[in-house]
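This report refers to the structure that appears directly beneath it.
2 protein chains.
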Amino acid sequence: MPASPKQVTSSPETGTAHLNPQQTTRLAVIDDDSGFVTVLSKRTDAAGWQQRVLSSAIPPDELVAMKLNALLLDMEVLGDEAWEYLGRVCEALPDLAVVVCTGRSTVAQRVRALRLGVDDWIGKPCHPEEVMARIEAVSRRRRRRTRGAAAEAGPVVVGELEIRADQFQAFVGDGSLDLTRREFELLQLLADTKGQVLEREAIYQRVWGYAMAHGDRSVDVFIRKLRQKLEKRSPGWRYIHTHFGVGYRFDPEAVGGVAPELADEAVAGIDPQAENSQVVHRSFTAA
Amino acid sequence: MPASPKQVTSSPETGTAHLNPQQTTRLAVIDDDSGFVTVLSKRTDAAGWQQRVLSSAIPPDELVAMKLNALLLDMEVLGDEAWEYLGRVCEALPDLAVVVCTGRSTVAQRVRALRLGVDDWIGKPCHPEEVMARIEAVSRRRRRRTRGAAAEAGPVVVGELEIRADQFQAFVGDGSLDLTRREFELLQLLADTKGQVLEREAIYQRVWGYAMAHGDRSVDVFIRKLRQKLEKRSPGWRYIHTHFGVGYRFDPEAVGGVAPELADEAVAGIDPQAENSQVVHRSFTAA
DNA sequence: CCACCTGTGAAAATCCGGTGAACGCAGGGT
DNA sequence: ACCCTGCGTTCACCGGATTTTCACAGGTGG
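Just so you know, the protein sequences line up as chains G and R, in that order. First residue of the first sequence: 7, per the numbering used here; consecutive thereafter. First residue of the second sequence: 7, per the numbering used here; consecutive thereafter.
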C-alpha cells in the first residue's frame, strides 16, 4: 500500500507511439505477392520486427487494434478503393508510418499518394533491404521526436509536481501520484505544452495515437482521474483548467487556501466537501 | 455567486473552416545541375517556399544558421566526402528533412544513406513535383507534432485587440474578452477578412460550417455579443461596421475625441464594392 | 408614410463537461 | 484452469454554460 511503485509494467505499449520509445517495429504488410512477402519476412524476422501479413485491406479500426508502427501495402491488392482507403487510414492513424510498395506508377500517382499522407512510395521490383531501410527512415523521425522529449534530462518540475519521464511517474515531494501509464502520458503531454489550450481531439491524437471518434469521452475521464490524483497529493494547487467548448490547459497555480483578508468570505467558502470540484479555470482577466 | 464562472466556449464540429497559413517551407538545395535547379525553383517559388541554392557543400553550422526545414542535395556535388558530410549533417540537425536526389545509385548506397539519417532518396531524372511532394511528406510528421494545427504564427494584433489563436481567445492589454468559442471564431473570421464586407450567409457558412437557414438571426446576435465584449474592454474603438442590406465589415478604428482626421481617412479608404450601388453604408459614427 | 432591416432582451432549447458506475479485457497468482 | 485486481472504455444523468429562437422597438430608404 505505501507508495508501491506500480506504474509501467503493465500494458503493452498502448499504441501510441508517443511514449514507446524503445520498441520493436510492428509492421503489417498488405500484399498478395507471396514471393515478395516471403523474402521480406525472412529479413524482418531476422531484424526482430514483429510482422503480420494480410492479403487484403482491412478497416482502419482493426489496424488501430494491432498497434502498429508501420504499414506496407501494394496498391494493386486494394483495387478501386485504393485511394479512398489510403486517405482513411492516413487520417485515422496519423502517426502510423504508411509506405506503398507497388508496381508501375506515374509521377501523378506518387504525388497524389504522398500528398494524401503516405510517407514513402517504392516501386517494385525492389530490394527488401531498401524497403526496410525506408520504413525505418520514416519511423525514425517520430521516434526521435518523442523519445527526445521523454528520455530528456532531468525531471521536469511544475508547481509542486515532479514529473519523471524515466519512471513514467509523477511525484509530490516523495509521494508518488500512482499514475497509470495512460494517465502519465496525458500528464506529460499537458505539462509539455504548459500554457497552451489543447483541444480534445489534439490531446487524444497525441496520447492515444489515432484519431478520436466523435463523441468519445475518454479524454474527459482521464482528466478527471488526473485531477483526483493531483488533488490528493497536491491540494492547494490547481493544475488543469477547462476551457469550455475547446479543451484543457495545463498551468500550475497555487490556489489560495490562503486569503486572510477576505476571511469571512473564505471561511464561509471553505466547504470541506471535496465535491466542489467544478474547477472552472478562469484564468486571465482577473476582473 | 454562481455569478460568473465563465470561460471560453464551444462549438462542436463545425469547425475551423479557416485557412491555415501554414508555415512556409525553407529549403536549401545543394546541386550544380542548373537545369534541374531552375525548373525546381520555378515550382517552389510558385508554391511559396523560401529557397536557397548552393553549388557546393557548406558546413553544418551554416545550415543551422539558415533555419531550414529541408535540405535537398545531390551526392555528386559532394564528392568523396559525401558520406561523411551526410552523417555530420544528419547528426547536427536531427530535425532537418534531408533528401538526396542524385543520379544512378545502387541499393547498397541508398540503404546506407537512409540508415545514416537521410529521410528520402530520389533518383534522377525525376519530376520536380514529386521531389516537392516527398519533401512535404518528410516534413509533415514533424510539423504535426511540434505545432498542433492551431498554434500557427504569433498573435494577430488589430487595433487595440490581440487575437491569440493558441488560446482561442482575444485580449486587450492583459484583459481577456472572455469570448465563447463561437464568438471567438466569428471574431477570427472577421479579423482575417479585415476590410471586406461579408454577407451574413457567407459568415454563417464559414463559422457554423453549413448553410444558413432562411431568416436565421444567429449572426446578428453574435455580432451584438461581440460588440458588447469589445466595447467593454476597448471603448474608444469601433471594430464591427454594419452595411445595411448587406452584412458586416471588420475594421478597427479609433473613435472618440481623439483623432478625427484619422477616422475620415479610414472611412474614405473603404471600397464599397458591393454590387448594389445603393450600399454605401457610411458607418454612422462621426456625426 | 410604408416596407424592410437590424439591434435588443429574454425565454426556450441545446450543448458540454463532471461524475459515478458498469463492462470487458489482460496479467498475475494460486 | 480459475479467480482477483488493475485499467481503459462506455454510459447515463445532472447542473450549468452557450446557442437559438422570438417578438418588439428603432432605423433606413425610397
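Ideal placement from N, C-alpha and C gives every residue a C-beta, glycine not left out.
Alpha carbon to alpha carbon, what distance is there between residue j and residue i?
i        : j        : result
GLY181/R : ARG239/R : 7 Å
ASP80/G  : ALA71/G  : 21 Å
ARG153/G : VAL106/R : For ARG153/G, the predicted model reports a pLDDT of 48, less than 50, meaning its position is unreliable; a value from the coordinates is still stated below. About 25 Å.
HIS249/R : VAL117/G : 45 Å
THR108/G : ASP126/G : 11 Å
GLN29/R  : ASP51/R  : 14 Å
LYS200/G : LEU185/G : 19 Å
VAL227/G : ALA219/G : 15 Å
HIS247/R : ASP198/G : 41 Å
LYS73/R  : ARG32/R  : 7 Å
THR112/G : ARG212/G : 34 Å
PRO266/R : PRO258/R : Here PRO266/R scores only 45 on pLDDT, less than 50, and its place in the model should not be relied on; the value that follows carries that caveat. Answer to the nearest angstrom: the Cα atoms are 14 Å apart.
ILE141/R : VAL178/G : 44 Å
VAL225/G : ARG188/G : 10 Å
ILE36/R  : GLN56/R  : 14 Å
VAL137/G : ILE128/G : 7 Å
ARG233/G : PHE174/G : 17 Å
ARG223/R : GLU90/G  : 38 Å
SER47/G  : LYS130/R : 30 Å
LEU69/R  : LEU69/G  : 39 Å
ASN75/G  : ILE229/R : 47 Å
So residue i and residue j are supposed to be a Cβ contact under 8 Å. How far apart are they, rounded?
i        : j        : result
LEU183/R : LYS231/R : Going by Cβ atoms, the distance from LEU183/R to LYS231/R rounds to 10 Å, so no, they are not a contact pair.
ALA217/G : ALA114/G : About 27 Å; that fails the 8 Å criterion.
ARG94/R  : PRO66/R  : 5 Å
ARG147/G : ARG147/R : 5 Å
ASP39/R  : GLN202/G : Actually they are not in contact, since the Cβ atoms of ASP39/R and GLN202/G sit about 44 Å apart, beyond 8 Å.
GLY215/G : ASP101/G : 5 Å
Listing by chain order, which chain G residues have their CB less than 9 Å from the CB of residue i?
i        : result
ARG32/R  : Residues of chain G passing the Cβ test: none, with the nearest at roughly 17 Å.
PHE174/R : VAL203, GLU205, HIS249, GLY251, VAL252, GLY253
ARG147/R : PRO100, ASP101, ALA103, ASP125, VAL144, ARG147, ARG148, ARG151
Can the beta-carbon of residue i be found closer than 9 Å to that of residue j?
i        : j        : result
GLY221/G : GLU166/G : no
LEU204/R : ARG255/R : yes
ILE209/R : GLY251/R : no
LEU120/R : ALA260/G : no
ALA103/G : VAL144/G : yes
ALA63/R  : LEU78/R  : no
LEU92/R  : VAL124/R : yes
LEU60/G  : CYS96/G  : no
PRO134/R : PHE42/R  : yes
Under 6 Å Cβ to Cβ from residue i, same chain only, skipping five residues before and after it: list those, please.
i        : result
ARG58/G  : ALA34
VAL164/R : ALA197, PRO258
GLN195/G : Strictly speaking, residue 195/G in this sequence is Leu, with Gln absent from that position. Closer than 6 Å at Cβ, skipping near neighbours: ARG212, VAL213.
ALA272/R : Model confidence at ALA272/R stands at a pLDDT of 42, short of 50, so the residue's coordinates are unreliable and nothing is read from them.
GLY54/R  : THR30
Residue i versus chain R: which residues are under 8 Å apart at the beta carbon?
i        : result
ARG116/G : GLU136, ALA139
Strictly below 9 Å CB to CB, what residues from chain R border residue i?
i        : result
ARG121/G : ALA139, GLU142, ALA143
VAL124/G : ALA143
Leaving aside the five residues before and after residue i along the sequence, list all residues of the same chain whose C-beta is less than 8 Å from its C-beta, in chain order.
i        : result
ALA176/R : LEU167, GLU168, ILE169, ARG170, SER182, LEU183, LEU185, PHE190, LEU193
Looking only at its chain, what residues have a beta carbon closer than 7 Å to the beta carbon of residue i, apart from the 5 residues adjacent to it on each side?
i        : result
CYS132/G : CYS107
GLU82/G  : THR108, GLY109
Find the residues of chain G that neighbour residue i, judging by a C-beta separation of less than 7 Å, and give them in chain order.
i        : result
VAL113/R : HIS133, GLU135, GLU136
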